Amino acid sequence: MSQVLSPPHLDVDRLIDDRRTRVIVCCGSGGVGKTTTAAAIGLRAAERGRHVVVLTVDPARRLAQSMGLSRLDNTPRPVPFAEPEQPGASRDGRPETGREGGRGGGWGHAGGSGGVVPPGQHGDNAGGSLHAMMLDMKRTFDEIVEAHADPDRAAQILANPFYQSLSSGFAGTQEYMAMEKLGQLRRADEWDLIVVDTPPSRSALDFLDAPQRLGRFLDGRLIRLLVVPAKVGGRAYLKVLNAGFGVVTGVLTRVLGAQVLKDVQTFVSALDTMFGGFRERADYTYQLLRAPGTAFLVIAAPEPDALREASYFVERLAQEGMPLAGLILNRVHRSPAARLSAARSLAAAETLQAADDQADAAVSASPNGAPHALTIAALRLHAERMQLSAVERRVSEHFVAAHPHVPVAEVPAQPDDVHDLAGLRAVGDSFFAG
Amino acid sequence: MGHFKHAPAPLVWCGERLAASQVAGLRGYRCAGADSLQGVSTRDTDWDGVRLHIVTGKGGTGKTTVAGALALALASGGKRVLLIEVEGRQGIAQVFDRPPLPYEERKIAVAPASETQPGGDVYALVADPESALLEYLEMFYNLRHAGKALNRFGVMDFATTVAPGLRDVLLTGKAAEAVRRKEAGRPLYDAVVMDAPPTGRIGRFLNVTSEVSGLARVGPIRHHADTVQKVIHSPETAVHFVTLLEEMPVQEVLDGVAELRGLVGGGIQVGGIMINMVRPMELSASQLRAAETGSVDEHELGIGLKTAGIDDSVRLAADLAAELTEHAVAAVGQEMQRERLAEPAQPCYDLPMITDGMDLGGLYRLAGALRDQGAA
Numbered sequence: 562m563s564q565v566l567s568p569p570h571l572d573v574d575r576l577i578d579d580r581r582t583r584v585i586v587c588c589g590s591g592g593v594g595k596t597t598t599a600a601a602i603g604l605r606a607a608e609r610g611r612h613v614v615v616l617t618v619d620p621a622r623r624l625a626q627s628m629g630l631s632r633l634d635n636t637p638r639p640v641p642f643a644e645p646e647q648p649g650a651s652r653d654g655r656p657e658t659g660r661e662g663g664r665g666g667g668w669g670h671a672g673g674s675g676g677v678v679p680p681g682q683h684g685d686n687a688g689g690s691l692h693a694m695m696l697d698m699k700r701t702f703d704e705i706v707e708a709h710a711d712p713d714r715a716a717q718i719l720a721n722p723f724y725q726s727l728s729s730g731f732a733g734t735q736e737y738m739a740m741e742k743l744g745q746l747r748r749a750d751e752w753d754l755i756v757v758d759t760p761p762s763r764s765a766l767d768f769l770d771a772p773q774r775l776g777r778f779l780d781g782r783l784i785r786l787l788v789v790p791a792k793v794g795g796r797a798y799l800k801v802l803n804a805g806f807g808v809v810t811g812v813l814t815r816v817l818g819a820q821v822l823k824d825v826q827t828f829v830s831a832l833d834t835m836f837g838g839f840r841e842r843a844d845y846t847y848q849l850l851r852a853p854g855t856a857f858l859v860i861a862a863p864e865p866d867a868l869r870e871a872s873y874f875v876e877r878l879a880q881e882g883m884p885l886a887g888l889i890l891n892r893v894h895r896s897p898a899a900r901l902s903a904a905r906s907l908a909a910a911e912t913l914q915a916a917d918d919q920a921d922a923a924v925s926a927s928p929n930g931a932p933h934a935l936t937i938a939a940l941r942l943h944a945e946r947m948q949l950s951a952v953e954r955r956v957s958e959h960f961v962a963a964h965p966h967v968p969v970a971e972v973p974a975q976p977d978d979v980h981d982l983a984g985l986r987a988v989g990d991s992f993f994a995g
Numbered sequence: 289m290g291h292f293k294h295a296p297a298p299l300v301w302c303g304e305r306l307a308a309s310q311v312a313g314l315r316g317y318r319c320a321g322a323d324s325l326q327g328v329s330t331r332d333t334d335w336d337g338v339r340l341h342i343v344t345g346k347g348g349t350g351k352t353t354v355a356g357a358l359a360l361a362l363a364s365g366g367k368r369v370l371l372i373e374v375e376g377r378q379g380i381a382q383v384f385d386r387p388p389l390p391y392e393e394r395k396i397a398v399a400p401a402s403e404t405q406p407g408g409d410v411y412a413l414v415a416d417p418e419s420a421l422l423e424y425l426e427m428f429y430n431l432r433h434a435g436k437a438l439n440r441f442g443v444m445d446f447a448t449t450v451a452p453g454l455r456d457v458l459l460t461g462k463a464a465e466a467v468r469r470k471e472a473g474r475p476l477y478d479a480v481v482m483d484a485p486p487t488g489r490i491g492r493f494l495n496v497t498s499e500v501s502g503l504a505r506v507g508p509i510r511h512h513a514d515t516v517q518k519v520i521h522s523p524e525t526a527v528h529f530v531t532l533l534e535e536m537p538v539q540e541v542l543d544g545v546a547e548l549r550g551l552v553g554g555g556i557q558v559g560g561i562m563i564n565m566v567r568p569m570e571l572s573a574s575q576l577r578a579a580e581t582g583s584v585d586e587h588e589l590g591i592g593l594k595t596a597g598i599d600d601s602v603r604l605a606a607d608l609a610a611e612l613t614e615h616a617v618a619a620v621g622q623e624m625q626r627e628r629l630a631e632p633a634q635p636c637y638d639l640p641m642i643t644d645g646m647d648l649g650g651l652y653r654l655a656g657a658l659r660d661q662g663a664a
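Heads up: the protein sequence lines correspond to chains A and B, in order. Counting from 562, one number per residue, gives the positions in the first sequence under my numbering. Counting from 289, one number per residue, gives the positions in the second sequence under my numbering.
Right, dumping it as structure tokens:
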């Protein structure tokens, strides 16, 4: 019945210690803790001596602040980090005293060797460094245009209404630009490890598909055809094309209106010099993702939706020949008292409740009300946690059964939101403790 | 089943301690506190005039599940409700434990009848922009045959994925059409529930006209967008936010509410805040304070465990104390988030955490919770 499937353990430290690892892509569906995981991996890698840049897309405000990213300026910024003075805080499963957690984010404490870093990696950050940046997709798109067109033409493109909607509105632009930025960072070669947090999207696969979709469109047949009338201006040329084209422009004009077509045509003619560029860039990034030195980490929470997405992603990566390092299972509920089952815990709570009910007439003995109120509450909460943990395990086992060879690392649920370096370290430590 | 397996436990809400029985009778309480709790008759609901319910929330908050539960809740009393999915994830099929659904309105669930009220029907539609575009072309231009040619030239790609706003207007347009559709002189659906994109995209998604205006200043698409816009901005439409009591989802609710209220050309009606996966508190205020700072009375726990006949009571007491502390820290954090949710001054609804695995039974329980609190 309870045949426990145990997947191979994902050794995150080995991954980040391996100097051949140059790019780590964190992907997964929305709300599973991708950003936090990417930041935690970046910090840990930096503390273990790597020169790291974390490319994040949409961080929680406080997390962003704790990483010095209050501004969205599309440029990697150095994140000062040092071992905390008081190792052990929030590391043993108990919260730190005071929920302010690490005052000022726990950054900036000078030196001090902590017990955090695993043996052999002590104290001095091992010479690593950490940069972080937040993606500004419009800025990135603008920069591509500026890099590829002469100033006049670039200005023309940037002012085009169609371009403006495209660069800030298209649901795939963010994915495309995240991948574009990754390519740029890789080419710059200033960091020996790039950790990418993929955009929050409906499905984990979007960031693989969207760049190509946009590239396909921008380089595609439609856009070339649209630009033809503007360039050749001749019906004669159109006749050479098959009759389908007439239908297409006819429909587009009727549905969208002539103005839209005109905007698109202007945009496309201005973009003329960049033809091929978009597709090439998308292809370059795609190849980069397949290159040795790139590792994908699929992030999930122990919930059916998130793990279903994770499954799709694992399958898709295999299909594309992209290297999967493993699955990080976030927010796993564990209990230090797992030896007490949910059933026994509930039974005990009932026993005590019955005793309390009987004694009810007597007194309210304990300062907390009924004599066993505290124990009853603890037992019920424990039972609930055990149930939750069992459900999570069951859900996770579906994934493991389908992908028995994918290494897995579990990150226990943090009682509090992660919003500072200490919190990120705690997450990082759980990879190590795994 | 049975989420609350034990006797009704005391719950702490907004700093107030309430009995669970009281809670069950709550109607969309304003998050501010117990003083604004209003007892209302069981007949009318908080959203009586609303026919298009748009459900958004941060990814991972259980948006689709809550949309499903809301559709079920709205359907009870002999109503007919359409649940629309727009992100192509087949989430509705998962939630209702069905095989993948096509682009077609089909009945997927029946709301339970009570002694006084008949059951109702929930229909589902998985709307994808391509099908919606083809349907649109056929409906307005009799142009379905053009689809093939459009595909060949990548126009479908263009229209449904690349052209900003167009994709969205096709999807919202489908919902607006369903709301307005009539049969024998009366609306075909009593209510339409849309499982909408995540909060980060909701303003853009719903602000159809301005999105499309970047693209089409005049012309038929613009006209279509204007019609859709009218429906979305009418009092017949409300946008509900699903959240957990965690920092980021709550932040997204606050940002989303502000965004909808601040839209140019008149705001969009903000609906309820559905707080998902709420866990019972179990601890009194003083116990909570003690536990939060890590000073649980282990001795008392040990005695209790021993009385209950559990071995190893000393070590177990220490472990359970650690668990209590984690729970308390989380609970205090959650209460802080709950206080933040008071800011928009919108009705809040609590949906219990289903600890034993979410399934169809759980969905009906959530629907019941929504009805009990007056959301539907």
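Built from N, CA and C at the ideal position, the CB exists for glycine as well. Values in this document were obtained by computation on a predicted structure and should not be read as measured data.
Endpoints, the alpha helix (DSSP H) within which residue i is located
i	result
Leu604/B	601-628
Asn465/B	The sequence shown places Glu at residue 465/B, not Asn. Taken as a continuous stretch (DSSP letters only), the alpha helix (DSSP H) holding Glu465/B covers 454-468.
Ser957/A	934-963
Met695/A	Counting along the chain, Met695/A falls outside any alpha helix (DSSP H), though it belongs to the beta strand (DSSP E) covering 690-695.
Asp543/B	535-549
Pro569/A	Neither: Pro569/A is in no alpha helix (DSSP H) and is coded neither H nor E.
Tyr391/B	Counting along the chain, Tyr391/B falls outside any alpha helix (DSSP H), and DSSP gives it neither H nor E.
Leu901/A	Unbroken run through Leu901/A: none, as it is neither H nor E.
Asp866/A	865-881
Asp713/A	712-720
Candidates the options: closest to residue i by CA position
i	options	result
Gln725/A	Ala910/A, Arg700/A, Gly744/A, Glu945/A	Arg700/A
Met562/B	Gly554/B, Leu571/B, Leu548/B, Leu532/B	Leu532/B
Ala987/A	Gly592/A, Ser567/A, Thr598/A, Pro568/A	Thr598/A
Gly544/B	Phe493/B, Tyr424/B, Val338/B, Leu639/B	Phe493/B
Phe874/A	Pro569/A, Ser567/A, Arg581/A, Cys588/A	Cys588/A
Ala573/B	Ala619/B, Lys395/B, Pro485/B, Glu535/B	Ala619/B
Gln826/A	Ser590/A, Ala944/A, Gln717/A	Gln717/A
Thr352/B	Gly365/B, Asp336/B, Val383/B, Gly554/B	Val383/B
Glu540/B	Leu371/B, Ala579/B, Pro485/B, Ile520/B	Pro485/B
Met482/B	Ile520/B, Gly554/B, Pro388/B	Ile520/B
Pro932/A	Gly407/B, Ala355/B, Leu362/B, Thr595/B	Thr595/B
Val821/A	Thr759/A, Thr912/A, Ala886/A, Leu727/A	Leu727/A
Arg811/A	Gly649/B, Ile342/B, Pro387/B, Leu438/B	Note that residue 811/A is Gly in the sequence shown here, rather than Arg. The shortest Cα separation from Gly811/A among Gly649/B, Ile342/B, Pro387/B, Leu438/B belongs to Leu438/B.
Thr344/B	Gly491/B, Asp600/B, Val414/B	Gly491/B
Pro632/B	Ala664/B, His528/B, Thr515/B	His528/B
Beta-ladder partner(s) of residue i, from DSSP
i	result
Gly408/B	Ala399/B
Ala970/A	Ile889/A
Thr855/A	Val584/A
Phe529/B	Thr344/B, Ile561/B
Ile860/A	Ile889/A
Residue i CB to nearest heavy atom of the ligand ZN below 6 Å
i	result
Ala664/B	As presented, the structure is devoid of all ligands, the ligand ZN included, so that no description of it is given.
Opening and closing residue of the beta strand (DSSP E) in which residue i lies
i	result
Ser574/B	Not the beta strand (DSSP E): Ser574/B falls in the alpha helix (DSSP H), residues 573-580.
Asp647/B	Note, Asp647/B: premise wrong, no beta strand (DSSP E); not H, not E.
Asp615/A	The sequence shown places Val at residue 615/A, rather than the Asp named in the question. Where Val615/A is concerned, the enclosing beta strand (DSSP E) stretches over 612-617.
Leu754/A	754-758
Residue i vs residue j beta-carbon contact at 7 Å
i	j	result
Ala420/B	Lys462/B	yes
Ala867/A	Arg714/A	no
Gly662/B	Asp334/B	yes
Arg1000/A	Ser991/A	Residue numbering for chain A in the displayed model covers 562 to 995; residue 1000/A lies beyond these limits and cannot be assessed.
Met698/A	Met738/A	yes
Leu604/B	Ala898/A	yes
Glu580/B	Val538/B	no
Gly984/A	Arg605/A	no
Gly645/B	Thr613/B	no
Gly591/A	Gly347/B	yes
Amino acids of chain E, ordered along the chain, whose beta-carbon sits closer than 9 Å to that of residue i
i	result
Thr912/A	The structure shown contains no chain E; its protein chains are A and B.
Inside the segment 346-388 of chain B only - beta strand (DSSP E) runs reaching at least 3 residues: The beta strand (DSSP E) runs of length 3 or more contained entirely in the segment 346-388 of chain B are, from start to end of the chain, 368-373.
Minimum length 3: unbroken beta strand (DSSP E) runs contained in the segment 473-524 of chain B: Complete beta strand (DSSP E) runs here, min 3: 479-483.
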